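Only one structure is covered here, and it is reproduced in the block below.
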Amino acid sequence: MPEHLAFETLVLVAASAVGVWVCAQLRLPVVLGYLLAGLSVGPHGAHLVGDTPGVRFLAELGVVFLMFSIGLDFSLSTLWGARRSVFGAGALQVALTTAAVTAASVFAGLKVDQAVLVGGAVSMSSTALTLKQLGDQGELFTHHGRWVVGILLFQDLATLPFLVLLGLRAVPTPVVGWGIVSGFALVAIVVLFVAFFGRPLLHRLLGNVARMRSNELMLLTALLLALGTGFAARALGFSAPIGAFLVGMVLGETDFRHQIEDDVRPFRELLLGLFFVTVGMTIDTGLFVTAWPQVFGCALLFTLGKAILVGMVGAMFRWPRGVTVRSALILAHGGEFGLLLLSQGFQGGLLPTEVAQPLLGGLLLSMGAAPFFIGRHDFLARRLARVRPTTAEAEQVAWLESEHERVEGHVLLLGCGRVGRQVAAVLEAAGVPYVAFESDPARFQEAKRQGHKVILADASRLRLLDAAGVARCRLIVFTFSYPRLVERIVHHARARNPEIAVIVSAKEEAELPHLAQTGVTAVFPENLAVGLALGNQALLLLGRSYEEAARVVSELRALLNPELAGHIGV
Numbered sequence: 008m009p010e011h012l013a014f015e016t017l018v019l020v021a022a023s024a025v026g027v028w029v030c031a032q033l034r035l036p037v038v039l040g041y042l043l044a045g046l047s048v049g050p051h052g053a054h055l056v057g058d059t060p061g062v063r064f065l066a067e068l069g070v071v072f073l074m075f076s077i078g079l080d081f082s083l084s085t086l087w088g089a090r091r092s093v094f095g096a097g098a099l100q101v102a103l104t105t106a107a108v109t110a111a112s113v114f115a116g117l118k119v120d121q122a123v124l125v126g127g128a129v130s131m132s133s134t135a136l137t138l139k140q141l142g143d144q145g146e147l148f149t150h151h152g153r154w155v156v157g158i159l160l161f162q163d164l165a166t167l168p169f170l171v172l173l174g175l176r177a178v179p180t181p182v183v184g185w186g187i188v189s190g191f192a193l194v195a196i197v198v199l200f201v202a203f204f205g206r207p208l209l210h211r212l213l214g215n216v217a218r219m220r221s222n223e224l225m226l227l228t229a230l231l232l233a234l235g236t237g238f239a240a241r242a243l244g245f246s247a248p249i250g251a252f253l254v255g256m257v258l259g260e261t262d263f264r265h266q267i268e269d270d271v272r273p274f275r276e277l278l279l280g281l282f283f284v285t286v287g288m289t290i291d292t293g294l295f296v297t298a299w300p301q302v303f304g305c306a307l308l309f310t311l312g313k314a315i316l317v318g319m320v321g322a323m324f325r326w327p328r329g330v331t332v333r334s335a336l337i338l339a340h341g342g343e344f345g346l347l348l349l350s351q352g353f354q355g356g357l358l359p360t361e362v363a364q365p366l367l368g369g370l371l372l373s374m375g376a377a378p379f380f381i382g383r384h385d386f387l388a389r390r391l392a393r394v395r396p397t398t399a400e401a402e403q404v405a406w407l408e409s410e411h412e413r414v415e416g417h418v419l420l421l422g423c424g425r426v427g428r429q430v431a432a433v434l435e436a437a438g439v440p441y442v443a444f445e446s447d448p449a450r451f452q453e454a455k456r457q458g459h460k461v462i463l464a465d466a467s468r469l470r471l472l473d474a475a476g477v478a479r480c481r482l483i484v485f486t487f488s489y490p491r492l493v494e495r496i497v498h499h500a501r502a503r504n505p506e507i508a509v510i511v512s513a514k515e516e517a518e519l520p521h522l523a524q525t526g527v528t529a530v531f532p533e534n535l536a537v538g539l540a541l542g543n544q545a546l547l548l549l550g551r552s553y554e555e556a557a558r559v560v561s562e563l564r565a566l567l568n569p570e571l572a573g574h575i576g577v
């Protein structure tokens, strides 16, 4: 038995690696790689791996950690800040889609509880896929991007009531209405708990753990909270992912959210990948041959119907036609949570094979088509609805102007890498308003993860600087030091605001003479700044006065870089 388990583990890891590599090469969602791995080695493929209880248990742990991580992101402040798009457009989209698909499914012969689960599954889109591709395309902060993000947030949140519905089938009163109502009631309860009890209690617990200065203890505490509450929820008749989501939401209100998220990420990614492998193992590949009309029909109906319903949401919220059409195309596909709900319903006996298999196949096909619809939405919108062509830059300009039209005396922080994030933290601590630009998606995501106010945009786009209020700001901080680009931006900024101050962080000594000639107020050579700061601190610790230490550092600074006289700062 151990040898057989080791062989199955090796096969799953190898198949997953190949599937993910293929999808990465084709620029397809990584989740499709895991699904294809399950299809190829599972009972309906090469028969190398069976659907064993041990594999299913590990897959459920993946769902537990996924819901725990989502709970960490659902802090009350995040939800409240995006309340119109989340609880307005998002709630309406999920409600309309669920109701429409439920009615159609009941008409087709499904029971009410089965139909509600199918409706909930179809209402979901792929959050990970959509956010990543929109981020890569620079569209997260466009008009349509902000609405799409809000809808995706509510879709993730709405998974909870449907998981409650599945869990309640294990207790004596599996009533659909009670399942949905109790799901949202649990959300309301946890919101109250977070507001009044959860944050201070867990903050005190985690604070005591942090004082032990043990990364292992913090990790074990996070795992204990996620798994313990998950299986406590199961003991109460609900599903384990529900409990994990609730405690994640409570932890999302503490100061330790980011550390916990980093600690559990490897477990989540590994086990969630295994979950999608098991989903792939449950899909009968023969259906794509013997029942291809049903599979392709489901995919077509899902995509068209969902796009129409998202369009209805846009009409109700009076979105511009271009925003409505683009949002509909971006959200038309199926998502990971749809696969999760259908597979859980299938494995739990709620959905029969002849219903679950075509639905799983249809969702899988729609996810495969998602990169095309997201990547080509502007072209399709112009072709299908004759909307005017747009660009991410034009959308960003409109959003920046609307968000910052009354802001003045602020700071423009150009670049939000390691140095930029430190500057942002200082500005936030001092209560200074700022607008941060970052063009690299990875650095942007890291800055967002740390809670900084940053937009994914290229600072060399001068229209964006105008929209961010360069004519009204007091200071520009460059954390990059390309002399020609700095000179171009400084010239543009000074033409609109002659009194603006400009400081630049320089990484290379060879850049210093050129930067000194660009009209900047001060240049901060990073290596020199660190060395002189350490020297200054050393003098203070040796008992020298602040005045003497400052004089020595100032003289040495001028001696080391005479070409920056009048410009250098530390």
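Here this note's numbering is used: the first residue of the sequence shown is 8, the next is one more, and so on. Heads up, the beta-carbon is just placed ideally off N, CA and C, and yes, glycines get one too. All values reported here derive from a predicted model rather than from experimental measurement.
What span of residues does the alpha helix (DSSP H) with A239 cover, start to end?
Residues 222-242.
Between A165 and S130, what straight-line distance do the alpha-carbon atoms span, to the nearest angstrom?
Those two C-alpha atoms are separated by around 10 Å.
Pick out whichever of I510, V123, V320, L548 has its Cα sitting closest to the Cα of G92.
Reading off the sequence, residue 92 comes out as Ser, not Gly. Answer by Cα proximity: V320.
With distance defined between alpha-carbon atoms, name the residue in H150, T16, G476, L258 nearest to G78.
Here the closest residue by C-alpha is L258.
Suppose contacts are defined by Cβ-Cβ distances below 9 Å. Is V119 in contact with L366 by that definition?
Not in contact: V119 and L366 (Cβ atoms no closer than 9 Å).
Output yes or no for whether 9 Å exceeds the beta carbon distance between V155 and S334.
Result yes, Cβ atoms of V155 and S334 sit closer than 9 Å.
Counting C-beta neighbours from all protein chains within 10 Å, is the total for H150 16 or more, i.e. buried, or is it exposed?
Looking at its Cβ environment, which holds 16 or more other Cβ atoms inside 10 Å, H150 is buried.
Quick check: what's the CA-CA separation for G40 versus G157?
For G40 and G157, the distance between alpha carbons rounds to 27 Å.
At what residues does the beta strand (DSSP E) containing Y441 begin and finish?
Per DSSP, Y441 belongs to the beta strand (DSSP E) from 441-445.
DSSP three-state label for I337, please.
If DSSP states are grouped into helix, strand and coil, I337 belongs with the helices.
Go to S373, then tell me how far its beta strand (DSSP E) extends in each direction, as first and last residue.
No beta strand (DSSP E) contains S373, which is instead part of the alpha helix (DSSP H) from 360-382.
Taking 7 Å as the limit between beta carbons, can you name the residues of its chain near L508, skipping five residues before and five after?
Just to set this straight, residue 508 is Ala in the shown sequence, not Leu. Answer for A508: R481, L482, T528, listed in chain order.
Going by the beta-carbon positions, is the gap between M288 and V38 smaller than 9 Å?
No.
Leaving out five residues on either side along the sequence, give the residues of the same chain with a beta carbon under 7 Å from the beta carbon of V20.
Cβ within range, chain order: n/a, list empty.
In this structure, how does DSSP classify L463 when only helix, strand and coil are distinguished?
L463: strand per DSSP, three-state reduction.
Out of F14, V286, V48, T105, which has the shortest C-alpha to C-alpha gap to A22?
For the residues F14, V286, V48, T105, the minimum Cα distance to A22 belongs to V48.
According to DSSP, simplified to helix, strand and coil, what is L421?
Of the three classes helix, strand and coil, the one that applies to L421 here is strand, per DSSP.
Do you know offhand how far V271's Cα is from A557's?
V271 and A557: Cα-Cα distance of roughly 45 Å.
With a 10 Å radius around its C-beta and 16 neighbouring C-beta atoms as the bar for buried, classify D269 as buried or exposed.
Exposed is the call here.
What would DSSP say about V509, mapped onto helix, strand or coil?
Three-state result, V509: strand.
Are the Cβ atoms of L472 and H498 separated by less than 9 Å?
Against a cut-off of 9 Å, the Cβ pair of H498 and L472 comes out as no contact.
Since I believe I462 is in contact with F444 (beta carbons under 8 Å), could you give me their beta-carbon distance rounded to a whole number of angstroms?
Yes, they are in contact, since the Cβ atoms of F444 and I462 sit about 6 Å apart, within 8 Å.
Please classify A529: does DSSP put it in a helix, a strand, or coil?
Strand, per DSSP.
Only counting the same chain, and skipping five residues up and downstream in sequence, which positions put a Cβ closer than 6 Å to that of G52?
Cβ within range, chain order: L46.
Give the secondary structure of P179 by DSSP, where H, G and I count as helix, E and B as strand, and everything else as coil.
Summary for P179: the model assigns pLDDT 43, below 50, so the residue's position carries little reliability; its value from the coordinates is reported in the next sentence. DSSP places P179 in coil when its eight states are reduced to three.
For A314, I'd like the list of residues in its chain whose CB is within less than 8 Å of its CB, leaving aside the five on either flank, ordered along the chain.
If we look at A314 and ignore the five residues flanking it on each side, its Cβ neighbours are A335, L336, L338, A339.
Could you give the uninterrupted runs of the alpha helix (DSSP H) lying entirely in the region 304-359, keeping only those of 4 residues or more?
Segments of the alpha helix (DSSP H) lying fully in the region 304-359: 328-338, 343-354.
According to DSSP, is L159 helix, strand or coil?
Helix, per DSSP.
Answer yes or no: do L372 and A363 have a C-beta to C-beta separation smaller than 9 Å?
Contact: no.
What does DSSP give as the partner residues of L213 in its beta bridges?
The partner list for L213 (beta bridge, DSSP) is empty, contrary to what the question assumes.
Buried or exposed for V178, going by 16 or more other Cβ atoms inside 10 Å?
Residue placement at V178 is flagged as unreliable, the pLDDT there being 43, under the threshold of 50; the coordinate-derived value follows with that caveat. Exposed: under 16 other Cβ atoms inside 10 Å.
Expressed to the nearest angstrom, what Euclidean distance is found between the alpha-carbon atoms of P440 and G476?
Cα-Cα distance, rounded: 12 Å.
Quick test of your reading: G250 and A239, contact by CB under 8 Å. State the CB separation rounded to the nearest angstrom.
Going by Cβ atoms, the distance from G250 to A239 rounds to 6 Å, so yes, they are a contact pair.
Per DSSP, what are the beta-bridge partners of I483 in this structure?
I483 pairs with L419, V509.
Leaving out five residues before and five after V29 in sequence, what residues of the same chain have Cβ atoms less than 7 Å from its Cβ?
For V29, where only same-chain residues beyond five positions count, the Cβ hits under 7 Å are G40.
Can you look up L207 in the DSSP assignment and give me helix, strand or coil?
It is worth fixing the name first, because residue 207 is Pro in this sequence and not Leu. Helix, per DSSP.
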